[in-house]
Structures are given as structure tokens and as C-alpha cells.
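All the letters of the sequence shown, read from the start, carry residue numbers 72 to 291 under this note's numbering.
Even glycine gets a Cβ: it sits at the ideal position worked out from N, Cα and C.
Predicted, not measured: the structure shown is a model, and the values here were computed from it.
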Amino acid sequence: MAMMPREYSRGERLRADDWNRSARALGRHQEAIERMRPAGRALSTGYVPGVHISVHNDTGEALSPRDIAGIKEHTFPDNPDDITISVEVPVAGTHEGKFVIVQESIPIDGIGDAIIVGCSLCTISLIDANHEYAEILDSDVSKLESRAAGSARILWREDPSGSGTEDVLALVEFPLDGPPPVWEATADESSGEITAKRIDSNGDLIGEELTFTVLPESGS
72 MAMMPREYSR
82 GERLRADDWN
92 RSARALGRHQ
102 EAIERMRPAG
112 RALSTGYVPG
122 VHISVHNDTG
132 EALSPRDIAG
142 IKEHTFPDNP
152 DDITISVEVP
162 VAGTHEGKFV
172 IVQESIPIDG
182 IGDAIIVGCS
192 LCTISLIDAN
202 HEYAEILDSD
212 VSKLESRAAG
222 SARILWREDP
232 SGSGTEDVLA
242 LVEFPLDGPP
252 PVWEATADES
262 SGEITAKRID
272 SNGDLIGEEL
282 TFTVLPESGS
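Next up, the structure:
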């Protein structure tokens, strides 16, 4: 668990390292709030809703706040309210919609706090500024990747500083019940038909296909 400043009794001298730790934490919090504040508008500093849970870091690397970890397994100790989930490096095809967002530094084989359901800040690799969803990246704990459809919804994100792929801070809601369907339509002008094919968030054909006949306009 992250080391926190202890409480002091009245008249007790404040330790410099405790004060500095508190000041740094407040500074990081305020910086995140300022980065999320729309121009000219006040932003509530209230609690961001999310279900917190203890996680055991089995990724083989130290985890930092806002990192992404795939759910591996869970344990139920004697106290049913104290559930610890073991997490691992995300794997494509396994951890879509089955991940946590880390809320504090967690050493290798350590236990720390993460959000498993709800909203959380994280880093997103922004592929397209029009993407409204995000998904895990294979073998990458540092961020999610923006998608046309995915198991996390982007509620807010930083504006990119330039063109091309860029890492940005974002607020996401996860996991969704399921990514919305994405349809790709192609028109055959010679036959007056439009075929719509259902694809996944990577653009791969899922299998469903609908064909629509284009009717002539009235009076033609």
C-alpha cells in the first residue's frame, strides 16, 4: 500500500517528509483537476464514482496509478467483504471488459487499490479523435487504446496537441455491458443495393450481413 502521512496530536511537531508527501499528493490531484477543467468553466472536485477493490500484482512489474491490469483470479478470505483479485498483464482476446484501473503504486507481488467498475482516470493512446470508446492493449499495462467500439466509454479526454497517434489523459466508464455494434456499409450502384456488414472494434468481420435495396425516388 502507498505510504500515507500519519495523524498528529495537538502540539506535536510536524515532520517535513510527511508534509512534503501531502503537498505532492495535493499538487498531483490539483494538476489532474486543472487538466480536466473545460475552458472558462468550473469543474466539480467531488468523488469520482467507482467500485474499489484490493488487487494482488501478479504482472511481474511494478504498477503505477492509472495503469491497466487484466483480472486473473479472485480469492475469498474468511471475511467475505475483503476480496482480493489477482491481476496480470492484459492479453488481447482475454481481458476485454475484464480489467481494473490501478489507483496507487503497487510493487511486484504487492497488494493495492484499483477500480474494477465505474469511472477512473487513465491514459489512452488516441488513434482517432472521433473515437468514443477504448479497449485494452495486448501486453501493455500503461494505457488503453481508443476504438470505434470497446468495453470502456470515453467520458472526457485531453485534446491532442498534434496529428497522429498520441497518449492523452482521459476519464473512462467501464466495463460496458458490451460494445455497440459497428456496421460497415458498401453500395453497389449497378444493382441498387447496399450491403451492411457487422465488424468488431478492430474492423474484422463478425459474420452478420444485411442487404438493403435502394428504392427509386418518387416521380422518377
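Any idea what DSSP makes of residue i, helix, strand or coil?
i	result
A220	coil
T155	strand
H127	strand
R228	strand
T165	coil
S213	strand
V160	coil
G141	strand
M72	Any reading at M72 needs caution, since the residue's pLDDT is 41, under 50, leaving its predicted position unreliable; the model's value is listed next. M72: coil per DSSP, three-state reduction.
G351	With the chain running from 72 to 291 in the structure shown, residue 351 is simply not present.
A110	With a pLDDT of 49 at A110, under the threshold of 50, the modelled position of this residue cannot be trusted, and the question is left open.
I179	coil
L247	coil
D238	strand
G233	coil
I207	strand
I195	strand
A267	strand
S115	The predicted position of S115 is uncertain, since its pLDDT is 43 and thus under 50; a value taken from the coordinates is nonetheless stated next. Coil at S115, not helix or strand.
Are the CB atoms of residue i and residue j nearer to each other than 7 Å?
i	j	result
V160	S210	yes
S135	S196	no
D129	S157	yes
I182	I124	no
A205	L215	yes
Smallest Cα separation from residue i: which of the options?
i	options	result
L240	S234, S217, L247, G221	S217
G233	H123, S213, I198	I198
T165	E144, P178, H202	E144
G221	E229, G235, V126, P246	P246
V122	I154, G131, E167, K214	I154
S213	G235, E264, E132	E132
I179	R137, R228, H127, A163	H127
Ignore the nearest five residues each way along the sequence and tell me which others in residue i's own chain have a CB closer than 8 Å to its CB.
i	result
E244	G189, C190, A223, R224, L226
P231	L197, A200, E237, V239
H202	S217, R218, A219, I225
T194	R137, S213, K214, L215, D238, V239, L240, A241
Once the 5 residues before and after residue i are set aside, which same chain residues still bring their CB inside 7 Å of it?
i	result
F170	I139, A140, G141, I142, P161, I207
Using C-beta distances below 6 Å, list every residue in its chain close to residue i, excluding the 5 sequence neighbours before and after it, in chain order.
i	result
G168	S222, P246
E229	V239, L240
A163	D209
Report whether the distance from the Cβ of residue i to the nearest heavy atom of the ligand MG is below 6 Å.
i	result
G235	Ligands displayed in this structure: none; no statement on the ligand MG is therefore possible.
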